[in-house]
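Per the UniProt record's numbering, the sequence shown starts with residue 1, numbered consecutively.
Data block below; observations after.
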Amino acid sequence: MVDYEPEDALDTELAAQLAQIGISKGSPFAPDQRMREIFGEAARVASVMAFSIANAPRTDHLCSPDRQWHGMIAGYPHFRDEQGRPMIDNMVQMAWFATGRASAMGHPKPGTGSAYTWTYRDTNGVWLDPRRSYQMRLPGPIPAKDFWSIVVYDLWTRSMLANGQPFPSLNSYTPDLKVDDDGSVDVFIGPEPPAGGEGNWIRTLPDTGWFPLLRLYGPEQPWFDLTWKPGDLEPLD
Numbered sequence: 001m002v003d004y005e006p007e008d009a010l011d012t013e014l015a016a017q018l019a020q021i022g023i024s025k026g027s028p029f030a031p032d033q034r035m036r037e038i039f040g041e042a043a044r045v046a047s048v049m050a051f052s053i054a055n056a057p058r059t060d061h062l063c064s065p066d067r068q069w070h071g072m073i074a075g076y077p078h079f080r081d082e083q084g085r086p087m088i089d090n091m092v093q094m095a096w097f098a099t100g101r102a103s104a105m106g107h108p109k110p111g112t113g114s115a116y117t118w119t120y121r122d123t124n125g126v127w128l129d130p131r132r133s134y135q136m137r138l139p140g141p142i143p144a145k146d147f148w149s150i151v152v153y154d155l156w157t158r159s160m161l162a163n164g165q166p167f168p169s170l171n172s173y174t175p176d177l178k179v180d181d182d183g184s185v186d187v188f189i190g191p192e193p194p195a196g197g198e199g200n201w202i203r204t205l206p207d208t209g210w211f212p213l214l215r216l217y218g219p220e221q222p223w224f225d226l227t228w229k230p231g232d233l234e235p236l237d
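Structure follows, in structure tokens:
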């Protein structure tokens, strides 16, 4: 990447740090065995650090004080504080959590763009347990002009959970989704389907950590003024 990008793509401080470990534009990168071992250990430690920062950030980004759901990461998309200083932990959290960014994601307007919220904990603030089953309620009407979706992701890989279903998700267009008369939807997430609720169920694997992410496409005013909030995940066992 350093060779491919123009020289001014990196600030001088970062370029100097990379040069100290043998990475500089136009120069071969040929670490010896000792350095390879150091790099390998550094990569493992960095992955665990990023995992910890993303799952338990020092500064909560909750969408509401009375919910366990996270809102958009502070500083998105440029990650600078009011003094222009880089928000390092927030950068790490975003880099671990997602693959891209766009201003419309961080600053949507009612009826346009998209809104995102996710959680790693149940209603009691306890870490989600892949061996347990949960129920969450999306009160109706769900404030998404275009459509909504909830997707379950692998906690470590951050990819969609490979759970044996065609998709580890539910959305406005799910064929067998049961919707209450007021537009509310009960979502069940766990290893086993609930009796009579298979159409509203996302399967999880007992040996694989996971987390849910709710998307609202064309989020409407109740999302912004917090008169609508997703229910927390309630343990069923």
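For each residue, glycine too, the CB sits at the ideal point set by N, CA and C.
Leaving aside the five residues that flank Lys-178 on each side, the residues in its chain whose CB is nearer than 8 Å to its CB run, in chain order, Val-185, Asp-186, Gly-197, Gly-199 and Asn-200.
As for any beta strand (DSSP E) of minimum length 3 sitting wholly inside the stretch 127-169, the runs are 134-138 and 144-154, ordered along the chain.
Three or more Cβ pairs closer than 8 Å define a contact, and the stretch 131-141 falls short of that threshold against the stretch 80-93. Of the candidates Asp-237, Val-45 and Trp-118, the residue whose Cα lies closest to the Cα of Ser-149 is Trp-118. If you draw a straight line from the Cα of Lys-25 to the Cα of Met-49, it comes to about 28 Å.
Only exposed fits Ile-38, as fewer than 16 other CB atoms lie within 10 angstroms of its CB. Between the alpha carbons of Ala-46 and Ala-162 lies a gap of roughly 25 Å. When DSSP states are grouped into helix, strand and coil, Phe-51 belongs to the helix group.
Residue environment analysis places Phe-147 among the exposed positions, since fewer than 16 neighbouring C-beta atoms fall within 10 angstroms of its C-beta.
Taking 9 Å as the cut-off, the Cβ atoms of Val-126 and Leu-213 do not count as close.
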